[in-house]
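Q: Read in numbering that gives the first Met the number 0, the sequence shown has 72 at position 73, and its numbers run on one by one without any break. First the structure, which I've put down as structure tokens, then a few questions once you've had a look.
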Amino acid sequence: MASERTDELYRLLLAKGYPKEFCAEIAYKNMNTDYTATRMLGYLYRVTDPRIEDLVDEMLAILSDRDAIIQKKEMEHAQAVMNDVYENGLLK
Numbered sequence: 000m001a002s003e004r005t006d007e008l009y010r011l012l013l014a015k016g017y018p019k020e021f022c023a024e025i026a027y028k029n030m031n032t033d034y035t036a037t038r039m040l041g042y043l044y045r046v047t048d049p050r051i052e053d054l055v056d057e058m059l060a061i062l063s064d065r066d067a068i069i070q071k072k073e074m075e076h077a078q079a080v081m082n083d084v085y086e087n088g089l090l091k
């Protein structure tokens, strides 16, 4: 089930005149989290009529940022586990 933000993104893309299949691909397949949909909505409210190519570039940038954040969080967790092992040993 899509979030409200994803639905809002889909409707905004349609209202801007993009093809229905393209709108569904962007909103429901790629920008399907509140974080990514909100970022794309912000872009669309700042840029009046982006070309499809620019829209896809922005989508890829948003997904890249999201992946970097996920990787950072995973590395922080791994570091915290290692710090715990260094401080307390393997057996508690």
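Idealized CB from N, CA, C, for every residue including glycine. From a predicted model like this one, the values you see are computed outputs, not experimental measurements.
Indicate whether the contact test is met: 3 or more Cβ pairs, each with one atom in the stretch 46 to 53 and one in the stretch 72 to 79, closer than 8 Å.
A: Touching, no, given that fewer than three Cβ pairs across the two stretches are closer than 8 Å.
Q: Straight-line CA distance for residue 64 to residue 18?
A: To locate residue 64, count along the sequence shown from 1; it is residue 65. To locate residue 18, count along the sequence shown from 1; it is residue 19. C-alpha separation (whole angstroms): 26 Å.
Q: Can you tell me whether residue 30 is buried or exposed, with buried defined as 16 or more other CB within 10 angstroms of its CB?
A: Locating residue 30 in the sequence shown gives position 31, counting from the first residue. Residue 30 is buried by the Cβ-count criterion.
Q: With DSSP run on the structure shown, which of helix, strand or coil describes residue 31?
A: Within the sequence shown, residue 31 is the residue found at index 32, counting from 1. Three-state result, residue 31: coil.
Q: To which residues of the same chain is residue 11 closer than 8 Å at the C-beta, ignoring the five residues directly before and after it?
A: Position 12 of the sequence shown, counting from 1, holds the residue named residue 11. Taken in chain order, the residues that qualify are 40 and 43.
Q: Assign residue 67 to one of two classes, buried (16 or more other C-beta atoms within 10 Å of its C-beta) or exposed (fewer than that).
A: The residue you call residue 67 lines up with position 68 of the sequence shown. When all chains shown are included, residue 67 counts as exposed.
Q: Using the three-state DSSP reduction, which class does residue 2 fall into: helix, strand or coil?
A: To locate residue 2, count along the sequence shown from 1; it is residue 3. Coil.
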